[in-house]
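Visitor: Could you have a look at this structure, given as structure tokens, before my questions?
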Amino acid sequence: MTRPIRPSVLRAGAVALAAVFATATPAPAQPDPETIVNAFEAALGPIRTHRPSHPKGVCAAGHFTATPDGTRLSVAPVFSGQRNNAIIRFGVAGANPNASDSARGTRGLSIRFESPTGDLFEMANISAPVFGADKPETLVNGLLSRANDPATGRPNPERAAAYAAYVAANPTVGNQGRYLAANNPPASFATTPYWGVNTFLFRGQDGQQRPARWVFEPRAGTERLTEAQMQSLGANFLADELRRRVGAGPVEFDMVLQFPGQGDDLLNPTVAWPADRPRTVVGRLTVTSVEAGAGGPCDPISFMILDQAPGIEMSDDPVLQARAAAYAVSLSRRTP
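Here the sequence shown stands for residues -29 to -1, 1 to 307, numbered as in mature numbering (1 follows the signal peptide of the UniProt record, and there is no 0).
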């Protein structure tokens, strides 16, 4: 298990990281981290006790070990081939910490890896192959289109109409919604793939830098709820199901890198790359224990350490570039 980090250290680091990213943002049209988090609060309410995205969740622990191909494709410590301890959080989408486990929406897999030398790497993945916004400003406008106007206490129809017009003109923004509508929710946290959706840059042992996206594929296979189960299982079955499953034996996921082909968009997370693109299994995540109740070591983690340069670096995807700083602002608002 990783060494505990004091809340005061987390808070100071979050504020400092937010300031760095805010001053490093070159495009004036791109909203700053405070604006992004303010949009979440406008639509979902104040962020003081729980994270704004996937607030309902359960903590788990395990380990990750790279395959020989993973070691070949990345010089990052997490891919050294040695076992990395992992703090894991499985989550349910929505603004409500009591959201239904049967609802259509994404499930989340967030991981903090710690290498034997103490290097940290974190990630947040979702159970859909695409994100719901192509740019940070799209995310902000989508949130604000659902927010009540402070003057009237009701949604602003002009803002909602403007966002609807943008989505109509940019249909890839609706790809995540179409995927979720076409696929029933997971029957278990252990039986759904989790995609990173953004492009990262992997520097291999040969010195070459390769763009790639990843997915964690469940070794138990993919299993979704039936229509009858969506009605009968209730709102709170996923955490208990995972505890029973891990109690009977470890839950495993293969980490798979997918590489782009000619013409694939590296910077738009609303567009998935075709399934026939080259893929390589680069590691195995093993879940060995699940917390007995709410809370746990994953709760104070914002999963914002998104690279281990030079082995894993963020691409210029504007959504990815905005993530860490927005996570930091959100963490600072809910850390006592």
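All C-beta atoms, glycine included, are put in the ideal place defined by N, C-alpha and C. Small disclaimer: the values here were computed from a predicted structure and weren't measured.
Considering just the uninterrupted stretch of the alpha helix (DSSP H) at D211, what are its terminal residues?
Guide: From DSSP, the alpha helix (DSSP H) with D211 extends over L209 to A219.
Visitor: For G232 and R248, which I take to be in contact (beta-carbon distance under 8 angstroms), what is that distance rounded to the nearest angstrom?
Guide: The pair is a contact, with the Cβ atoms about 5 angstroms apart (cut-off 8 angstroms).
Visitor: For A295, which three-state DSSP category applies?
Guide: helix
Visitor: Does G89 pass the burial test, meaning 16 or more other C-beta atoms within 10 Å, or should it be called exposed?
Guide: exposed
Visitor: Please work out which residues of its chain come closer than 7 angstroms, Cβ to Cβ, to A95, disregarding the five sequence neighbours upstream and downstream, and give them in chain order.
Guide: G79, S81 and F274
Visitor: Considering only the alpha carbon of each residue, which of R190, S71, L291 and P128 lies closest to P107?
Guide: L291
Visitor: Would you decide whether A(-6) is buried or exposed? Buried here means 16 or more other CB atoms lie within 10 Å of its CB.
Guide: Low per-residue confidence applies at A(-6): pLDDT is 32, beneath 50, and the placement is therefore not dependable, though the value from the model is reported in the following sentence. That one is exposed.
Visitor: By Cβ distance below 8 angstroms, which residues in the same chain neighbour Y165 in space, the five residues on each side in sequence not counted?
Guide: R78, G79, L80, N96, I97, S98, V186, F187 and F224
Visitor: Taking the alpha carbon of D287 as the point to measure from, which residue in D236, A161 and S303 has its own alpha carbon closest?
Guide: D236
Visitor: Is H34 closer than 9 angstroms to T257 when the C-beta atoms are compared?
Guide: yes
Visitor: Grouping DSSP H, G and I as helix and E and B as strand, with all else coil, what is D236?
Guide: D236 falls in the coil class under three-state DSSP.
Visitor: Please say whether I283 and R174 have beta carbons closer to each other than 9 angstroms?
Guide: yes
Visitor: Taking C-alpha atoms, which residue in L213, R75 and C30 lies nearest to E198?
Guide: Comparing Cα-Cα distances from E198 to each of L213, R75 and C30, the minimum goes to R75.
Visitor: For residue 308, which option in L238, A66, V261 and Q229 has the closest C-alpha, if you only look at C-alpha atoms?
Guide: Past the boundaries of the shown model lies residue 308; the chain is included only from -29 to 307, so the question cannot be answered.
Visitor: Check each candidate in N55, N119, N67 and P121 and name the one with the smallest Cα separation from E93.
Guide: N55
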